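Numbering (the working numbering), first residue to last: 2 to 326.
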């Protein structure tokens, strides 16, 4: 198989001063992309700002013969998002790739979270995806091509105690990306979500108080990490991330997991479920209770790619169960 190249393409990576974003930017540049390295330079909890992190990555790319520019705007504002995209347009006149990776962590019990722990998290994860994504999408649409990758989290898809704020922001990437994938299909734009797993500076923000939750503590204590040694690092996430934003990849409207060298699609699907008796009379609560096992059993399932696909799946289930001919 021929090497995958990004020659002639322009990529934006947010949060590229450290960790995952840094490795994405370096590998994109090594494979020929021109890269906007965006990083506000704040701490793992989103405090402070510094131009040092982004500049260091740009210097590393240039020292290796690549092309890159630094951008230190906050992606958590519309003005900052526009600035990030303008850096690409002013330097190279186009945008082909956006990896929305910037973020930070502020852990705490759900019941105790303050606005200072909720709003900035949603701003840097969810709103930033709009603030950078919208101008990047417009630039991609103008060229009839684009690849967008949004950073989700297993904390949202599967759950992590004391991270409701973070999980809410990361879980929102699923809905955002799915709709971008649908709208973008008319203009050559693909969109996916990646759930990366890596030890990073965000680990320092993890308050171990979550061990107060017995089921969660037991899950952590019983977890088998025997195949993860040396594999929970940014470099193990980069191959899947970059494939998903390459010309070679035709997948869109998907969610993918990268964990300890295992790469897998994560599916959102609907069980066949139970179909209420024919007619316009809704079932009772008791009807739901008596059929709840059938409602909950995965069994045969469908994977709707639009809200309307679910109607087709419902009709199929109704005919299978003999409710409608």
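Even for Gly, the Cβ is constructed at its ideal location relative to N, Cα and C.
This structure is a prediction, so every number in the text was calculated from the model and none was measured.
Where do the ends of the alpha helix (DSSP H) carrying residue i lie?
{"i": "residue 28", "result": "20-31"}
{"i": "residue 309", "result": "308-321"}
Taking only three categories from DSSP, how would you classify residue i?
{"i": "residue 295", "result": "helix"}
{"i": "residue 125", "result": "helix"}
{"i": "residue 264", "result": "strand"}
{"i": "residue 284", "result": "coil"}
{"i": "residue 76", "result": "coil"}
{"i": "residue 325", "result": "coil"}
{"i": "residue 41", "result": "coil"}
{"i": "residue 52", "result": "coil"}
{"i": "residue 4", "result": "coil"}
{"i": "residue 63", "result": "helix"}
{"i": "residue 142", "result": "helix"}
{"i": "residue 94", "result": "coil"}
{"i": "residue 277", "result": "coil"}
Who does residue i pair with in a DSSP beta bridge?
{"i": "residue 82", "result": "According to DSSP, which records beta bridges pairwise, residue 82 is partnered with nothing at all."}
{"i": "residue 111", "result": "The partner list for residue 111 (beta bridge, DSSP) is empty, contrary to what the question assumes."}
{"i": "residue 99", "result": "13, 149"}
{"i": "residue 35", "result": "11, 68"}
{"i": "residue 105", "result": "According to DSSP, residue 105 bridges with nothing at all."}
{"i": "residue 302", "result": "272"}
What residue range is occupied by the uninterrupted beta strand (DSSP E) comprising residue i?
{"i": "residue 151", "result": "147-152"}
Report, in whole angstroms, the separation of the C-beta atoms of residue i and residue j, which I expect to be a contact under 8 Å.
{"i": "residue 17", "j": "residue 8", "result": "In fact, because the Cβ distance is near 20 Å, the residues do not count as touching under 8 Å."}
{"i": "residue 148", "j": "residue 98", "result": "5 Å"}
{"i": "residue 86", "j": "residue 96", "result": "6 Å"}
{"i": "residue 170", "j": "residue 127", "result": "5 Å"}
{"i": "residue 343", "j": "residue 192", "result": "Outside the shown range of the chain, which is 2 to 326, sits residue 343, and nothing can be said about it."}
{"i": "residue 101", "j": "residue 175", "result": "So it is not a contact: roughly 13 Å between Cβ atoms."}
{"i": "residue 129", "j": "residue 194", "result": "That pair is no contact at about 15 Å."}
If we require 4 or more residues per run, which alpha helix (DSSP H) segments fall completely within the region 209-262?
215-223, 239-245
Mind listing, in chain order, the continuous alpha helix (DSSP H) runs of no fewer than 4 residues lying wholly within the region 157-204?
165-185
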